[in-house]
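What follows is a set of notes on a single structure, which appears directly below.
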Amino acid sequence: MKIIGAGLPRTATLTQKISLEMLGFGPCYHMVNILSDMSLVQQWQDAFDGGADWEKIFDGFQATVDWPGAFFYQELAGAFPDAKVLLSERDGAAWARSMHDTIWGVFYGDVMMRDLSRARARVDSGWAQFMELMKSMWHRSGLLGDDKEIFDAEAMAIKMERHVAEVRSCVPAERLLVWEPAHGWEPLCEFLEVPVPAAPLPRVNDSSMFADRIIEGSIAVLTQWQERRQAPARQ
C-alpha cells in the first residue's frame, strides 16, 4: 500500500481513483470495488468489528480512496507506515448538497433509489448487509447523527470541515497532501514523485451516476429474483 485516501465520500474520490491509476498507483481500491462484488462486504464487516486483515483486503492494491478505506485511515496509516496520505477536501456547503442527493438520500430520502434499494435488500442478503454496514459507519463517524431523518445542511458542512481538521492534526505534514482536482496534476505528482502526465486530469461527476448505479443495480437484482420466482410455474 503506497497511498491512503483519508477524504470523505463525495469529495471527488472517483476522480482521485482514476488519477492515481493513471499515475501508476493502481489498482486503487474504491467503493465501486465492493458494489461490483458483494462478497467483499464481510471483510469490511470484520474490520468494523475490530478484526481487520488489511493485507488480505488490499492484496494486489497500491492505493485506496473513498470509504470504506478512508473510514479506517488512522488504522491504515499505522498498518502501512511508509504509505503517503491523500486528503481530499471540498467546500462544506457543496459537500452537504451532494450528500443530500446521494448517501443521505439512499438511507433516508423520499426518492426512488431508496425505495428500490430497500426492495433489493429484501431479496439480496449481501446488499442488506452492505447497507447496514455503511449506515453503521456513518453513525459511528458522527457525520450522520441522532437526527438522521432530518437533513441539516449547515451541521453537515461543519462536520465535514471538522473531519478535514482532524486528519490534518493526526497525520504528519510531511506525509500528507491536501488535494482536490481543481489543484491540477502538479501538486499531486510532486507529492508522489512522478512525472506530470501529458493527458488532462480526469473529471468525473460521480454524483450524477450515484442514483443510476443504485437504481440499475437494484432493478437487475429484483428482475433476477422475479425470474427465479416465476420459473417453477413455467416448467
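The opening position of the sequence shown corresponds to residue 1 in this note's numbering, with each subsequent residue numbered one higher. Ideal Cβ placement from N, Cα and C applies to all residues, glycine included.
Cβ atoms of CYS170 and GLN74 come within 8 Å of each other, at about 6 Å.
In this chain, ILE150 is not harboured by any beta strand (DSSP E), its DSSP state being neither H nor E.
Sequence-distant Cβ neighbours of PHE210 in its own chain, meaning closer than 7 Å and more than five residues away, are THR102. Within the DSSP secondary-structure output, TYR29 pairs in a beta bridge with THR64.
When C-alpha distances from GLU180 are compared across PRO9, MET1, LYS2, the shortest belongs to PRO9.
Selection TRP44, GLU216, LEU14, PRO27 evaluated against GLN129 yields TRP44 as nearest (Cα-Cα). Take the alpha-carbon of VAL106 and the one of MET113: they are about 6 Å apart.
The continuous stretches of alpha helix (DSSP H) do not include GLY109, and DSSP gives it neither H nor E. Secondary structure remark: continuous alpha helix (DSSP H) runs of at least 4 residues inside the segment 120–206, in chain order: 125–141, 153–170, 185–192.
From the listed residues GLY92, GLY126, LEU192, ASP82, the smallest Cα separation to LEU35 is found for GLY126. Counting C-beta pairs with one atom in each stretch, the segment 117–124 and the segment 78–95 have fewer than three that are closer than 8 Å, which means they do not touch.
For ARG203, the closest of HIS183, LEU222, VAL221 by C-alpha to C-alpha distance is HIS183. When DSSP states are grouped into helix, strand and coil, GLY217 belongs to the helix group. Taking a contact to require three or more Cβ pairs closer than 8 Å, the segment 162–177 and the segment 47–65 do not qualify as touching. Note that the C-beta distance between ALA79 and TRP54 is below 9 Å.
Annotated as distal: VAL196 and LEU133, with beta-carbon spacing of 9 Å or more.
For LYS17, the uninterrupted alpha helix (DSSP H) run begins and ends at 13–22, by DSSP.
Counting C-beta atoms within 10 angstroms of its own C-beta, PRO68 has 16 or more neighbours from the protein chains shown and is therefore classed as buried. Annotation for TRP225: VAL123 place their beta carbon closer than 7 Å to its own, counting only its chain and skipping 5 residues before and after. Between MET137 and PHE71, the C-beta gap is smaller than 9 Å, which places the two residues in contact.
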